[in-house]
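Residue numbers (the working numbering), protein chains in the order written: chain A, -12 to 121; chain B, 85 to 638; chain C, 18 to 349.
Using N, Cα and C, we set each Cβ at its ideal position, and we do this for glycine too.
Below is one structure; the comments refer to it alone.
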Amino acid sequence: MPHRPAIRIVLAKLGLDGHDRGLKVVARILRDAGMEVIYLGLRQSAESVVAAVEQEDAHAVGLSLHNASHLTLAPRMVGALAAAAIDAPVIVGGIIPDDDADELRRAGVAAVLGPGASADEVVRAVRDAVAGRS
Amino acid sequence: MPGRQTGGDSSGGDAQHAAWREAYERSELRDVPFETMSGVPVEAVYGQPPYPGQYPYTRGVYASMYRSRLWTMRMFAGFGTPSDTNARFKELLRAGGTGLSTAFDMPTLMGRDSDSDWALGEVGRAGVAVDTLLDMADLFADIDLSAVSTSMTVNGPAPVLLAMYVALADQNGVARRDLAGTIQNDILKEYQAQKEYIFPPRPSVRLITDMIAFTTADMPRWHPVSISGYHIREAGSTAAQELAFTLANGFAYVEAAIAAGLAVDDFAPRLSFFFNCHIDFFEEIGKLRAARRIWARWMKERFGARDERSLLCRFHTQTAGVSLTARQPENNIARVAIQALAAALAGTQSLHTDAHDEALALPSERAARIALRTQQIVAHETGVTNVGDPLGGSDFVEAMTDEMERQAEEIFAHLLELGDGSVIEGVYEAIENGYFVGQIADSAYRFERDINAGRRIVVGVNRFTEGNDERADDLLRVDPSVEEHQRARLARAKRDRDARAVAESLRRVALEAADPATNLMPVLIDAARAHATEGEIVGALESVFGTYVEKTVV
Amino acid sequence: MRAESIEELLAGAPSGERRVVGRLISIVERDGDGAEEIAEWAHARSGRAHIVGITGAPGAGKSTLVGGLLAVWAKAGRRPAVLAVDPTSPLTGGAILGDRVRMDSVATGAFVRSMATRGHRGGLALAVPGAVRVLDAAGFDPVVVETTGVGQVEVDIVGAADTTVLVVAAGWGDAVQASKAGLLEVADLFVVNKADRHGAHDARRDLDLMLDLGRVSGHEDRRGHRPEIVMTTSTTGHGVEGVASAIDEHRRHLVESGERARAYHRRIALEVRDRAQALLVTRVAKLLSSEDGRVALDAAERRAMTPAAAARAVAARIIAAPDRTSPEHDRS
């Protein structure tokens, strides 16, 4: 019986921003694509996300950022994972201007999903990011 | 009697028309011709009673509606340091504005100081940072607080910011009774949608009743709560859920204030509302008309309000930020125009139009100006302001209004059942058991799936996508040095104050928070005056009230 | 990092290193390469942790209670771990695992692991004891297993714990539901949550009544004590310390009465049974798709044999010819 383990992804919002509509929709999209979504929700820190990724042995991290703090918070997340020697790609969604998206990718973010990304694009971004690491 | 084109009036209808006419004639009118652009004179109202200004106010809260006064065109300002925003305020005042609308940054909205770990990357970004009374003083420097109306969009730490505002007025020698303005202060929708809560629901509502009692006694020109459906809709609810959850929250505050010993007609006239205006034109108009009717009925029949002003659901409207697309952002100008028109046709008292680049970043100055111009075009060029409730009497519009009301009443019945006959207990229970967030998440997901499956067309997103590769330019950037600057300022403020007085004031805040019979506003004002920081005061309250953690997931 | 050897991982495990323990659980859960080695390592070192099963209907307040217990235990200098089991979507095989939201693993230092109900080789009944043993061996104590307690497998899993806690919310008829699911019989401790709500005393009374019936029917004798009922209000944290001390009290009772050894005995017996069944299920499937199996199926189809006789023939072959390769490691 072939047995391919499901992708496990940690979803979180970093910082104080409370807009979780997008994150909740993405959680359902990924569940419906057969993934195991570890949902951390609001007000997470890089530290609490690292703890979750380690304990859950997750393959990837999805962040939702809506408050113009993405240039500070997303690279911080990438750095915290690297410092813990965790090789899990970070995928960022939210209100991210094009120039900033380029900067985030340079900072090591695996994929950036803008508002209006379709369900297929979301699933593909996660699968590609995970496949690129293993 | 021109203006009544549809027949079949009873004599009661004639009496209502006469009453309406009398009220209309008492009203002062704007000095503009009430006629079409081709010179055809138009009536102030058409169709059947009850007319605008008549119970249950489905058709509008005033007899003469926009013939007397257009809606307030309220635009939001706030960014960077308090001095940056103060400069913007003064510019607005010079341009003839009288209302200042303040947007705070995320740390301030969450009760955290600029030097907190949580504030990293967020200071002065989405609004202005206020840590101490000194910042409040900078924000309103050289502005006469008795001559302006100030709107503060803040919820969790609302009592602390109001306390700072009052402390500033005291310091400037402005009488509290002369302070005019609004503070959003609608905590229940935070647990349901926007998630900017700090304390658990019950102590948070106690803070709100303290503020209602305090402003009722000391600040009669202040609106202590703006009951907001806007964020519920942005989080993904349907129109009827937005309507029902918002009004239920309103009923909950009324119950709480009555339970705290206030008379309904003493505070209800100063409650106001804030709704979303989304893109489904007639559904939105039906929703807003239904809001007025439901509020009037419940206030009269359930809460026994006698003062007519207690029955009026007066509301601010904002176009739907969530309807704006990041792709082909100029298309958003058309969306905003349509939504603004719907809000005007539904009789809003004030309106904020979104900037078309908001799906990408904070609004640029140019985009914000286009948004303002959009509502000016609706107000001054289209002629829709000549007639009160111009769509009233349309079978479709009346049916949508009835349907919105029906769905809302179903939700009220559910909440009353959960709360054993009490709306506020039902709301608490529905927060705890995840009813609100679950309903909203279900609606949001259904909507998203419809778009993905192509059952619902969003122009530029899943159809008509040519031109999507263009990159947006000209976006607003906040100077990152603002954060450093504000932290340094806060460090100075902490160094220069009397540490013993601060500690004593915080001790008293905690002490009085533990006694539910005490109104907390006076002790909060004392703490603000001692230059305790927002984060310190919130921390003192948290030490007694606890911190709320959302328990429901998806 | 995913290339670390099992030896390297096991070297880091006793210090409870989060990343290592997380990885070991994955390997055991998915029965990947090295699973057998890890299981041997873990089994040899396990037996110290107190295993607490916590169950109750969705929305009863289990996760919030667990979150509160973690804080109490952390304050007492203990190193708790949680295995939180959440349902898998039957349609897609995906899951949203959200119980961590109520548990602050950073502040309490607790190890929290979420598990979907499906997607494990051999099923939940094997995945949970495997993971619990890794946590036990890594030095965590107590180890909490939290499930919604719907379905027999979940009831078995929490019932096999040293201390089984049933959480019911006041005013929702949870007690009656729990009684139907067979949870009352396995519970050692009852928590009535939302004690501030009316209906709390009714729930307490209902439970007392059912325990009285249990005494009549002999359940209480088998359990050896009458379960305590603790009232909590999870929204304020009221009563959580009472739950923690009731769990400790039960632990003392188990040790003193020798019941802890019996619980261990039951747990091992259950797991050996489940594993043996899983092995046989795999062998049966394998045999049916082999030449011998096809012969038996064919005979039954031609009506040369009854289906029962064909089944006996298949079973006889399995008994006669033991499979030398462990089917658990046959990954293709």
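Test: residue i CB closer than 8 Å to a CB of chain A
i	result
B:Tyr529	yes
C:Met18	Any answer about C:Met18 is weak, because its pLDDT of 44 lies below 50 and its placement is not dependable; what the coordinates show is given next. So, interface residue.
C:His346	In this predicted model, C:His346 has a pLDDT of only 43, less than 50, meaning its place in the structure is not dependable enough to derive any value.
B:Gln278	yes
B:Gly205	yes
C:Ser22	no
B:Thr409	yes
C:Thr109	yes
For residue j and residue i, believed in contact at Cβ under 8 Å, the rounded distance
i	j	result
B:Met190	B:Glu206	4 Å
B:Asn315	B:Thr266	Sequence inspection shows His at residue 315 of chain B; the Asn mentioned does not correspond to that position. Not quite, the Cβ-Cβ distance comes to about 16 Å (not below 8 Å), so this is no contact.
B:Pro166	B:Val129	Not quite, the Cβ-Cβ distance comes to about 46 Å (not below 8 Å), so this is no contact.
B:Asn360	B:Arg317	4 Å
C:Gly33	C:Ala154	Not really, about 10 Å apart at Cβ, beyond 8 Å.
B:Gly195	B:Ile282	5 Å
Min CB distance residue i to chain B below 8 Å
i	result
A:Val51	Note that residue 51 of chain A is Ser in the sequence shown, not Val. Not an interface residue.
C:Pro31	no
A:Gly5	yes
A:Leu29	yes
C:Gly252	The question names Gly, but residue 252 of chain C is Thr in the sequence shown. Yes, C:Thr252 lies at the interface with chain B (some Cβ there is under 8 Å from its Cβ).
A:Gly123	This structure cannot settle anything about residue 123 of chain A, because the visible part of chain A is limited to -12 through 121.
A:Ala20	no
Any C-beta of chain C under 8 Å from that of residue i
i	result
A:Ser35	yes
B:Val628	no
A:Pro(-8)	yes
B:Pro287	no
A:Arg114	no
Residue i Cβ short of 7 Å to the ligand PLP heavy atom set
i	result
C:Ala286	The ligand PLP is absent from the structure shown, which contains no ligand whatsoever.
Extent of the continuous beta strand (DSSP E) run through residue i
i	result
C:Ala93	Careful: C:Ala93 lies outside any beta strand (DSSP E) and carries neither H nor E.
B:Asp534	First-last for B:Asp534: 519 to 536, but that is the alpha helix (DSSP H), not the beta strand (DSSP E).
B:Thr266	264 to 267
B:Ile235	Reading off the sequence shown, one finds Ser at residue 235 of chain B, where the question assumed Ile. Run containing B:Ser235: 233 to 237, per the beta strand (DSSP E) assignment.
C:Val247	245 to 248
C:Arg130	128 to 133
B:His400	399 to 403
B:Glu567	Not the beta strand (DSSP E): B:Glu567 falls in the alpha helix (DSSP H), residues 565 to 580.
N- and C-terminal bounds of the alpha helix (DSSP H) containing residue i
i	result
B:Tyr249	242 to 256
B:Thr484	Thr is not the amino acid found at residue 484 of chain B; the sequence shown has Met there. Segment 479 to 502, the alpha helix (DSSP H) holding B:Met484.
C:Ile335	324 to 337
B:Leu218	217 to 223
C:Glu34	It is not in any alpha helix (DSSP H) - C:Glu34 carries neither H nor E in the DSSP assignment.
B:His315	314 to 318
B:Tyr281	Run containing B:Tyr281: none; DSSP gives neither H nor E here.
B:Arg377	365 to 385
- Could you please tell me which residues of the segment 75 to 91 of chain C, in chain order, have their CB closer than 9 Å to any CB of chain B? From the segment 75 to 91 of chain C, only Gly76, Gly78, Ser80, Thr81, Gly84 have a Cβ closer than 9 Å to chain B.
request  = Count the C-beta pairs between the segment 472 to 487 of chain B and the segment 439 to 459 of chain B that are closer than 8 Å, then say yes if the count reaches three, no if not.
outcome  = The segment 472 to 487 of chain B is not in contact with the segment 439 to 459 of chain B.
Interfacial residues, the segment 315 to 342 of chain B to chain A, with Cβ spacing under 8 Å:
Within the segment 315 to 342 of chain B, the residues whose Cβ lies closer than 8 Å to some Cβ of chain A are Glu318, Ala319, Gly320, listed in chain order.
At least three beta-carbon pairs within less than 8 Å, the segment 92 to 106 of chain C to the segment 292 to 310 of chain C | By the Cβ test, the segment 92 to 106 of chain C is not in contact with the segment 292 to 310 of chain C, since fewer than three Cβ pairs between them sit closer than 8 Å.
Check your understanding: Of all the residues that make up the segment 116 to 139 of chain C, which are near chain B by a beta-carbon distance shorter than 7 Å?
Key -> Listed in sequence order: Val118, Arg119.
Requested in this report: Check whether the segment 31 to 47 of chain A touches the segment 80 to 87 of chain A, counting contact only when three or more Cβ pairs, one atom from each stretch, lie closer than 8 Å.
Outcome: At 8 Å Cβ cutoff, the stretches do not touch.
**Message:** Output needed in chain order: residues of the segment 475 to 503 of chain B with a Cβ under 8 Å from some Cβ in chain C.
**Reply:** Going along the segment 475 to 503 of chain B in chain order, one finds no residue with a Cβ nearer than 8 Å to chain C.
- request: Output, in sequence order along the chain, the residues in the segment 126 to 141 of chain B whose CB is closer than 9 Å to any CB in chain C.
  value: Residues passing the 9 Å Cβ filter: none.
**Report entry** At least 3 beta-carbon pairs within less than 8 Å: the segment 245 to 263 of chain B vs the segment 607 to 623 of chain B
**Finding:** The segment 245 to 263 of chain B makes contact with the segment 607 to 623 of chain B; the number of CB pairs closer than 8 Å reaches 3 or more.
Problem set entry | At least three beta-carbon pairs within less than 8 Å, the segment 163 to 172 of chain C to the segment 63 to 83 of chain C | Counting C-beta pairs with one atom in each stretch, the segment 163 to 172 of chain C and the segment 63 to 83 of chain C have three or more that are closer than 8 Å, which means they touch.
Counting pairs of beta carbons, one from the segment 621 to 629 of chain B and one from the segment 9 to 29 of chain A, are three or more of them closer than 8 Å?
Contact fails: fewer than three Cβ-Cβ distances are below 8 Å.
I want to know whether the segment 395 to 402 of chain B touches the segment 101 to 120 of chain B - three or more CB-CB distances under 8 Å. These segments do not touch.
>> Closer than 8 Å is the cut-off here; do at least three beta carbon pairs connect the segment 506 to 513 of chain B with the segment 296 to 305 of chain B?
In response: No contact exists between the segment 506 to 513 of chain B and the segment 296 to 305 of chain B.
Inter-stretch contact (C-beta, 8 Å, three-pair minimum) for the segment 343 to 361 of chain B and the segment 416 to 436 of chain B
These segments touch.
Along the segment 51 to 82 of chain A, where does the CB come closer than 8 Å to a CB of chain C? Name the residues. Considering only beta carbons, the part of the segment 51 to 82 of chain A lying closer than 8 Å to chain C consists of Ala71, Ala72, Ile73, Asp74, in chain order.
| Between the segment 125 to 132 of chain C and the segment 79 to 90 of chain C, do at least 3 Cβ pairs fall closer than 8 Å? | Yes, since at least three Cβ pairs between the segment 125 to 132 of chain C and the segment 79 to 90 of chain C fall closer than 8 Å, the two stretches touch.
Would you call the segment -4 to 4 of chain A and the segment 510 to 517 of chain B touching, i.e. three or more CB-CB distances under 8 Å?
No, the segment -4 to 4 of chain A does not touch the segment 510 to 517 of chain B.
query: Closer than 9 Å, Cβ to any Cβ of chain A: which residues of the segment 292 to 305 of chain C, in chain order?
result: Shown in chain order are the members of the segment 292 to 305 of chain C whose Cβ falls below 9 Å from a Cβ of chain A: Thr299, Ala302.
| query | When Cβ atoms are compared, which residues of the segment 162 to 192 of chain B fall closer than 8 Å to chain A? | reply | Result list: Met190, Pro191.
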